[in-house]
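In full-length UniProt numbering, the protein residues as written are 1 to 493.
Next comes the structure, spelled out in structure tokens:
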């Protein structure tokens, strides 16, 4: 795998991370402080009220509203939840909540759902801590494997994991992205998770409730935990304060990473120096230009993403078949990178330029597979369909870059198109005719965007005058700069 560098741009309101490989931005991660939730945080809470009728309790964890804990999320229920199928008789239902907790009791709990509106956070007493490859269940001894991993591989993975876990205690679930992990990588994750749990227990024994004892890692720490590997050359961060925080975190949990962490001291902003901002701007557009003169067009819908490959101005090869083949090869490389950069997920349809030769098609597919193999997110790709399309899927892991940084245009409501001024003028004329049949005002006044009013005064003035004569009422015009091209109002005076 090619070596890469990681850049971390930190401000109090936002953290941005860029992964640079082969002098190009391959991936961008963004986290905003106001949008960080509480899910995953662990608190020592105090039981405020027990409600036997609802089989739940309200827990004070130091937030504005008390949080909610249901009996199904109490600790004794954990082993029943993870009992393997066919293991014998079903375990007895958990004891009622009034026999498990009492008012004033201290309780270690974790947030399952953030507070919404008037509802407090949803809690669980079944603690789980996510690592890079594993999920640690410190109060359980279950060894599990993600259901998304093919069934044929699960038993072998479970045996490998059980051998690595040893007698240290606690349960582990192997995540989907650990399917191809080495024993060394899994052992590192086990050590990290056990060290994290030891720190949580130590903190919980020291503090008085309500108190936060573990906060889900912020993006910079998650980068050190999840992104950094043997192929990482350097990690640069542009905040002196956060550099110290990351150094302490690395020395405690990932000591092999600490020596690669550096503080960026350049005069130009870090993302400007490496032209990351330019790449982000380009990744928000539909069109991506290729070096050869060809280009890609990305269209993202709710159900799927389509990618259209075009030759553009590329005429560098000796014949048309070679031109198409070379453009498609370059497109395959660019598409794999853009999927990571834009974080596109779900169903993806690629419309390569039609190729006559089968060996050209196979070479383009092989190149696409090779480039997608570098993606941390799981992808699946099929061959060319009878219509010449390539279908693939990429696992959704978070919002796409466009979903995070943009919103639907208020002028076109996300359609990407607006009605022409002529179309709007004719809509207005039809509406005035309808209004004239139902009402008898002294005058009609059209309030619309300047460009619409300008067309009424110019090319459409004969039609406006003709309608005024037909209904026998004067029609006046008023321009409103605050209106979009499609907005208008008809006032009856």
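Glycine included, every Cβ here is placed at the ideal spot set by N, Cα and C.
In the DSSP assignment, residue 205 falls within the alpha helix (DSSP H) that extends over 183-206. For the options 2, 12, 16, the alpha carbon positioned closest to that of residue 405 is the one of 16. For residue 327, the enclosing alpha helix (DSSP H) has its first and last residue at 320-342. For residue 191 and residue 332, the gap between their C-alpha atoms comes out near 39 angstroms. A residue is called buried when at least 16 other Cβ atoms come within 10 angstroms of its Cβ; residue 449 meets this threshold and is buried. Residue pairing by DSSP puts residue 19 in a beta bridge opposite 6, 27. For residue 421, the enclosing alpha helix (DSSP H) has its first and last residue at 421-438.
Here DSSP, grouped into helix, strand and coil, assigns residue 177 to helix. Between residue 26 and the set 347, 323, 371, the nearest pair of CA atoms involves 371. Counting other Cβ atoms within 10 Å of its Cβ, residue 481 stays below 16 and is therefore classed as exposed. Residue 174 and residue 248 have their C-alpha atoms roughly 27 angstroms apart. The beta carbon of residue 257 is closer than 6 angstroms to those of 224, 228, 250 in its chain, skipping five residues each way along the sequence. Of the candidates 297, 273, 357, 194, the residue whose Cα lies closest to the Cα of residue 282 is 297.
Measuring C-alpha to C-alpha distances from residue 354 to each of 348, 309, 422, 382 identifies 309 as the nearest. In terms of CA proximity to residue 58, 104 leads the group 104, 238, 337, 164. Here DSSP, grouped into helix, strand and coil, assigns residue 142 to coil. Look at the beta carbons and you see the stretch 212-220 touching the stretch 195-203: at least three pairs across the two are nearer than 8 angstroms. Per DSSP, residue 226 has no beta-bridge partner at all. In this structure, residue 7 sits near residue 236, with a CB-CB distance shorter than 8 angstroms.
Per DSSP, residue 488 is one residue of the beta strand (DSSP E) stretching across 488-492. Under a 10 Å Cβ-count criterion, residue 301 is classified as exposed, with fewer than 16 other Cβ atoms of the shown protein chains found around its own Cβ. Cβ-Cβ distances below 8 angstroms link residue 305 to 298, 299, 344, 346, 347, 348, 349 in the same chain, with the five nearest sequence neighbours on each side left out; the list follows chain order. Residue 54 sits in coil when the DSSP states are folded into three classes, being neither helix nor strand. If you check the CB distance, residue 124 and residue 146 do not come in under 8 angstroms. In its chain, beyond the 5 residues on either side, 65, 68 have a beta carbon closer than 8 angstroms to the beta carbon of residue 119. Per DSSP, the unbroken alpha helix (DSSP H) holding residue 281 starts and ends at 276-283. When rounded, the separation of the alpha-carbon atoms in residue 279 and residue 288 is 11 angstroms.
With three or more CB-CB distances shorter than 8 angstroms, the stretch 230-244 counts as touching the stretch 256-274.
Nearest to residue 352 by C-alpha distance, out of 341, 206, 295, is 295.
DSSP places residue 68 within a strand segment (E or B) once states are collapsed to three.
With fewer than 16 other Cβ atoms from the protein chains shown falling within 10 Å of its own Cβ, residue 22 counts as exposed. CA-to-CA, the gap between residue 42 and residue 203 works out to about 11 angstroms. Our two residues, residue 401 and residue 284, have alpha carbons roughly 7 angstroms apart in a direct line. A distance below 8 angstroms between beta-carbons, with the five flanking residues on each side excluded, links residue 149 to the following residues of its chain, in chain order: 157, 174, 176, 179. Boundaries around residue 289 are those of the beta strand (DSSP E), 287-289, since no alpha helix (DSSP H) includes it.
For residue 472, the closest C-alpha among the options 460, 440, 486, 478 is that of 440.
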